[in-house]
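A.B. asks:
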Amino acid sequence: AVNLTDGLDGLATMPVIIASVAFMVIVYLAGNAIYSNYLGIPHVPRAGDLALFCGAIAGAGLAFLWFNAPPAAVFMGDTGSLALGGALGAIAVTAHHEIVLGIIGGLFVMEAMSVIIQVFFYKRTGKRVFRMAPIHHHFEQLGWSEPTVVIRFWIISLVLALAGLSTLKLR
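For the sequence shown, the positions run 983 to 1153 when the working numbering is used.
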């Protein structure tokens, strides 16, 4: 789903950074027996080591964003977006927090669902639900500027990451 989100300059990068920072916290807590016991989350020995990998993703993402900001000089492309999505998925599986990935990565889920809904509904009825899919293009078609779409999606991603982190104590 990260691949579907990479349609505007900087749109996929910041949500990946936000998700990797959120998972940096999660894997650190899951790797620490005291914190994981207190929070009631599964203790995964050495999962804290993944915090370094999450930090590397966030740092690389920030460096990449410097050159991907509009007008972009560098593009993520399929290779980058698929690798980052796979890395986030692997981190979630390793830390035993797959469900939380659906919350923290909710923006990516929303983008993928907009495409699935659009294709399914169009094949069944011949009509479109959205003006264009993925949904970030729908908002562009409604007249939102590219920076407006990007920054609002970043805000949504941050709120979802905080919501995902808040579920750690809800066991």
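For each residue, glycine too, the CB sits at the ideal point set by N, CA and C. Predicted model, so just to flag it, every value in this text is computed and none were measured.
Look at V984 and L1089 and say whether their C-beta atoms are less than 7 Å apart.
C.D. replies: Counting from 1 along the sequence shown, the entry for residue 984 is found at position 2. Counting from 1 along the sequence shown, the entry for residue 1089 is found at position 107. No, they are not a contact pair.
A.B. asks: For the alpha helix (DSSP H) that contains K1105, what are its first and last residues?
C.D. replies: As a position in the sequence shown, residue 1105 is number 123, starting the count at 1. That run of the alpha helix (DSSP H) goes 1088-1107.
A.B. asks: So the candidates are S1096, R1106, T1107, G1084; which of them puts its Cα closest to the Cα of R1113?
C.D. replies: Within the sequence shown, the letter at position 131 stands for residue 1113. When only C-alpha atoms are compared, the closest one is S1096.
A.B. asks: Classify Y1202 as buried or exposed, calling it buried when 16 or more other Cβ atoms lie within 10 Å of its own Cβ.
C.D. replies: The displayed coordinates of the chain run from 983 to 1153. Any statement about residue 1202 would go beyond what the structure contains.
A.B. asks: May I ask which residues mark the beginning and end of the alpha helix (DSSP H) holding D973?
C.D. replies: The requested residue 973 does not occur in the structure, where the chain is confined to residues 983 to 1153.
A.B. asks: Secondary structure at W1136, three-state DSSP: helix, strand or coil?
C.D. replies: Within the sequence shown, numbered from 1, the residue matching residue 1136 stands at position 154. Residue state, collapsed to three classes: helix.
A.B. asks: Just to check my reading of the structure: G1043 and T995 have Cβ atoms closer than 8 Å, yes? What is that Cβ distance to the nearest angstrom?
C.D. replies: On the sequence shown, position 61 is the one that residue 1043 refers to. On the sequence shown, position 13 is the one that residue 995 refers to. Going by Cβ atoms, the distance from G1043 to T995 rounds to 5 Å, so yes, they are a contact pair.
A.B. asks: Please confirm if the stretch 997-1013 is in contact with the stretch 1135-1146, defined as three or more CB-CB distances below 8 Å between the two stretches.
C.D. replies: Taking 8 Å as the limit for Cβ pairs, the verdict is that the stretch 1135-1146 does touch the stretch 997-1013.
A.B. asks: By a C-beta neighbour count over all protein chains shown, 10 Å radius and 16 as the cutoff for buried, is F1005 buried or exposed?
C.D. replies: Taking the sequence shown and counting its residues from 1, the one referred to as residue 1005 is at position 23. So F1005 ends up on the buried side.
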